[in-house]
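Each residue of the sequence shown is one higher than the last, beginning at 117 in my numbering.
Notes to accompany the following structure.
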Amino acid sequence: MVHGEKLATEKKLPSLLEADDVQSEKLQLGEETVSQTEVDLRGPKDQRSSLCRNLLDRGEREVKEEKDQEEELGGEDCVIFNEDYDTDLELRDREEAYDPTGYMEACEALQVVPAYNFLRNMHKSELSMMHRCLGPQGTKALAVPLVTNTSILRLNLRDNWMEGMGGAAIAEMLKENCYITEVDLSDNYLGDHGARAIASMLKENSTLVNLNLSGNHFTDRSIEHLGPALITNSRLQHLDLSHNTLGERAGQSLGHALSENTGLRSLSLAWNTIRGRGAAILANGLGGNIYLRTVDLSFNGLGKEGGVALGQALKENSVLEELNLSTNRIPPEGAMRLAMGLKVNKTIKSLNMGRNPIQNAGCFSILKSLQENPDSAMEALYFSDITVNQDFEDLYRAVKEIFPALTVNHGGRIGTFRKAKA
Numbered sequence: 117m118v119h120g121e122k123l124a125t126e127k128k129l130p131s132l133l134e135a136d137d138v139q140s141e142k143l144q145l146g147e148e149t150v151s152q153t154e155v156d157l158r159g160p161k162d163q164r165s166s167l168c169r170n171l172l173d174r175g176e177r178e179v180k181e182e183k184d185q186e187e188e189l190g191g192e193d194c195v196i197f198n199e200d201y202d203t204d205l206e207l208r209d210r211e212e213a214y215d216p217t218g219y220m221e222a223c224e225a226l227q228v229v230p231a232y233n234f235l236r237n238m239h240k241s242e243l244s245m246m247h248r249c250l251g252p253q254g255t256k257a258l259a260v261p262l263v264t265n266t267s268i269l270r271l272n273l274r275d276n277w278m279e280g281m282g283g284a285a286i287a288e289m290l291k292e293n294c295y296i297t298e299v300d301l302s303d304n305y306l307g308d309h310g311a312r313a314i315a316s317m318l319k320e321n322s323t324l325v326n327l328n329l330s331g332n333h334f335t336d337r338s339i340e341h342l343g344p345a346l347i348t349n350s351r352l353q354h355l356d357l358s359h360n361t362l363g364e365r366a367g368q369s370l371g372h373a374l375s376e377n378t379g380l381r382s383l384s385l386a387w388n389t390i391r392g393r394g395a396a397i398l399a400n401g402l403g404g405n406i407y408l409r410t411v412d413l414s415f416n417g418l419g420k421e422g423g424v425a426l427g428q429a430l431k432e433n434s435v436l437e438e439l440n441l442s443t444n445r446i447p448p449e450g451a452m453r454l455a456m457g458l459k460v461n462k463t464i465k466s467l468n469m470g471r472n473p474i475q476n477a478g479c480f481s482i483l484k485s486l487q488e489n490p491d492s493a494m495e496a497l498y499f500s501d502i503t504v505n506q507d508f509e510d511l512y513r514a515v516k517e518i519f520p521a522l523t524v525n526h527g528g529r530i531g532t533f534r535k536a537k538a
């Protein structure tokens, strides 16, 4: 019995109930058993303290182990969280893996922080690195591994402030890379220096199909380089030069280039300042082009001269399908001359003349030209913010009988809203 009590004592602290049991045992076993039991249960202070300390230590170790496990789990969650937010600096905390691309070495040489987003997506078909503030040096480092990359087909580097130096690095890369087909370099302040490098690349590259150069501070001098490149390159199909500062001379250079270009299918020159003689020569170039399907010339200020030249171009062009001429200060006379081209054109499907001061007379002339051209392919006319009268509405109903699918958008009918009488 004494041996049983000693085992119980070693395993756990005695409870009040166990103390009562011990007292009853003492009465039955005699003096010797009592003394031994007293030693076991009420023995030296060190013996009891040691037992308590062992139990407490074991409890503390269990608590500590649980906390350590929670911290480990918390750390894993933190890593996942950081991966979602793509922190470039976390590369320094990772084990350096074998880097056959040379990107890390280039970053170290140029003293720039590596872009972890590139390393994580360099084996995908599309790499999007917009708004990363790469700068000229960061762009140069990125161009190094892209030279030999065979996975990326679409590259988006919009808004990275790469400037001319960074643009030149990407251009040199595209001379060597024969896999990338789409590139977005918009809003990067490439300037004339970057345009010169891009032009040199276009003369050699034979795989690029889509190129966005919008918002890069290109001037007339930039087009002096890009124009000849567009004559040489027959692979590029979609080009965006919107939101630059292209003026009259740029219009002339582009006009000559477009008359000989055999590759482009869509071209955006929106939000520039092409007007006067530049607008006229550009329109002549469009007339001689037999490949372009979509052209956006909105927000340029083409004026009457541009409208007249475009009317002649529509007589000659037999492939253009979509033409955006909105917000170009084209007067009613320009719209009437444009309508003369629509009388014989058989391919235009969509024409946007919105926000031009062509008034009801200009809208009426354009709609009338469709009535007189049974071979017209027109499907949509846009006269946004231009009010029309009842004569236009009557003509529209008559034209709808000839072209049931035709839709016309305008700024409302004159006299529809009248001030209520008091």
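All C-beta atoms in this analysis are idealised placements derived from N, C-alpha and C, irrespective of residue type, glycine included.
Check	Outcome
Inter-stretch contact at 8 Å, needing at least 3 Cβ pairs: the region 439–451 / the region 416–430	yes
Any 3 or more C-beta pairs closer than 8 Å across the region 428–443 and the region 463–477	yes
Counted within 10 angstroms of its Cβ, other Cβ atoms place residue 391 as buried (16 or more) or exposed	buried
When 255, 402, 383 and 403 are compared against residue 288, the one with the closest alpha-carbon	255
8 Å Cβ shell around residue 459 - same chain, five flanking residues per side excluded	485, 488 and 489
Residues of its chain near residue 431, where Cβ-Cβ distance is below 8 Å and the 5 sequence neighbours each way are ignored	403, 456, 457, 460 and 461
Own chain, CB closer than 8 Å to residue 516, minus 5 neighbours either side, in chain order	522
Three-state class that DSSP yields for residue 137 in the structure shown	Residue confidence for residue 137 is low, a pLDDT of 45 falling below 50, so the modelled location carries little weight; the figure read from the coordinates is stated next. Looking at residue 137 - three-state DSSP - the assignment turns out to be helix.
Backbone CA spacing between residue 224 and residue 361 [nearest angstrom]	37 Å
Proximity below 7 Å, CB of residue 270 to CB of residue 298	yes
Pair within 7 Å by beta-carbon distance, residue 345 and residue 313	no
Option in 327, 316 and 364 with minimal Cα separation from residue 348	316
Residue closest to residue 498, alpha-carbon to alpha-carbon, out of 511, 482 and 252	482
CA-to-CA distance, residue 506 to residue 296, given in whole angstroms	54 Å
Residue 257, enclosing alpha helix (DSSP H) - first and last residue	251–262
Collapsed DSSP secondary structure at residue 496 in the structure displayed	strand
Sub-7 Å separation of residue 328 and residue 308 beta-carbons	no
Inter-residue spacing [alpha-carbon to alpha-carbon] between residue 416 and residue 381	21 Å
DSSP beta-bridge partners of residue 326	298 and 354
Assigned exposure category for residue 239 - 16 Cβ within 10 Å defines buried	exposed
Where the beta strand (DSSP E) containing residue 410 begins and where it ends	410–412
Top-ranked residue by Cα proximity to residue 364, from 231, 353, 338 and 249	338
Beta bridge counterpart(s) of residue 272 as assigned by DSSP	244 and 300
Distance CB(residue 375)-CB(residue 401) smaller than 7 Å	yes
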